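Sequential numbering of the sequence shown, starting at 1, is according to the working numbering. Ideal placement from N, C-alpha and C gives every residue a C-beta, glycine not left out. No experiment lies behind these values; they were computed from the predicted model shown. To start, the structure under review is shown below, and the notes come after it.
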Amino acid sequence: MTGPKALNEELVRSLPDKGPVVMVNLVRFRERSLDGNGSGWDAYSRYSKGDMPLLKKVGGTVIWAGRVEGVSMGDPRDGRFDWVVLVHYPSRAAFLEMTTSPQYAAINADRENGVENHVILMANQTYAKLAANPGPA
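See the structure below:
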């Protein structure tokens, strides 16, 4: 099984897998979903609903998500995005396990129908002010 068409699987596999990573998702939605079933946001929302159980299964979690309001530094024409999501995975292998699974392939059509551009930046943690496992509030 292969992952999404833009997955740089070889790069992800080539990097050391020594612990947690955060995937910084930058998303630009299509005005209309390619399948004609609502807006790009609607399609991405369907994808997200299907993705949450898969993410949980590999030990991942969404740690932050929000709408982009504008470019605060840099050229406003560069990389216009609508949505940012920070997703924590226990390892690179967990990310690949999810994105190359048959279950992910089944929901990925909604993501691809809904997004005009989706960039995922892979980052390992070098500093965090927040506790790694804050526990219940």
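| Query | Result |
| --- | --- |
| Assumed close pair V115, R46 - CB separation to whole angstroms, cut-off 8 Å | Actually they are not in contact, since the Cβ atoms of V115 and R46 sit about 12 Å apart, beyond 8 Å. |
| Nearest neighbour of R32, chosen from I120, D42, M23, K56 [CA to CA] | D42 |
| Sufficient close CB pairs (3 or more, under 8 Å) joining the region 15 to 26 to the region 79 to 97 | yes |
| Counted within 10 angstroms of its Cβ, other Cβ atoms place N83 as buried (16 or more) or exposed | The question names Asn, but residue 83 in the sequence shown is Trp. With 16 or more other Cβ atoms within 10 Å, it is buried. |
| Counterpart residues of L26 in DSSP-defined beta bridges | V84, V119 |
| As assigned by DSSP and simplified to three states, the class of T99 | helix |
| Classification of D78 by the beta-carbon crowding that lies within 10 angstroms, buried from 16 upward | exposed |
| Classification of V13 by the beta-carbon crowding that lies within 10 angstroms, buried from 16 upward | The identity of residue 13 in the sequence shown is Arg, whereas the question assumes Val. So R13 ends up on the exposed side. |
| Sub-8 Å separation of N25 and V85 beta-carbons | yes |
| Beta-carbon spacing of H88, V27 below 8 Å | no |
| Euclidean distance between Cα positions of P76 and V68 | 12 Å |
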